[in-house]
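Residue numbers for the sequence shown follow this note's numbering, so the first one is 730 and each next one is one higher.
Where is the CB? At the ideal position from N, CA and C, for every residue including glycine.
Take a look at the structure below.
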Amino acid sequence: MLLARWIVAGLVVSSAGAAGAASQDPTDAIVRAAYCVGVLNESLKRTGHRAAEATQPTEAMELPEMLSRDLEVRGKRYARYMTLMALGMCPNQIAATMALIAKGERDVADKQLEPINPGVSRCLASYRSSFAALVECVASVDPVEADILRCKSAPDGQPF
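Spelled out as structure tokens, the structure:
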């Protein structure tokens with residue numbers, strides 16, 4: 730990911746007039762957006778599979794539908810941002826962006842195959858304060874899971 734970050738760093742992005750852009754490095758925003766596009770794409774695929782597996786409609790099906798809608802809205806927002814940024818990218822930067830998207834997709838797919846980390850379960854069970862504290866706790870035991878959680882649940886903080 731570090732190599733991809735440096736390749737994308739060559740992109741010149743004007744942050745004039747963008748809300749919140751002064752507080753976030755444009756390169757960090759691009760890297761996060763690309764990774765999150767992958768995370769959200771793969772999460773949507775997997776959420777759709779779960780809903781399709783249900784044989785009888787129940788109230789419990791409403792939750793996956795709500796989750797799917799939220800993930801779809803987030804994904805579209807990140808994808809719009811990435812489309813705008815791609816207009817000024819050179820081929821190497823586009824390749825790095827595609828690699829970050831693929832990494833996000835792989836991370837979600839890999840996490841689906843692993844058993845739930847007991848440390849993450851403890852963090853979720855003891856979640857009583859802020860979302861930032863939850864992410865910090867999860868990051869201390871499983872940094873990849875924390876990255877996925879940020880993409881799915883945290884305010885995106887993008888400068889757009």
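Residue range of the unbroken alpha helix (DSSP H) whose run includes residue 857: Premise fails: residue 857 is in no alpha helix (DSSP H) and is neither H nor E.
Which of the three DSSP states is assigned to residue 763 in this structure? helix
Residue closest to residue 872, alpha-carbon to alpha-carbon, out of 859, 856, 857, 833: 833
Rounded to a whole number of angstroms, what is the C-alpha to C-alpha distance between residue 804 and residue 770? 7 Å
In chain order, what residues of the same chain have a beta carbon less than 6 Å from the beta carbon of residue 826, not counting five sequence neighbours either side? 763
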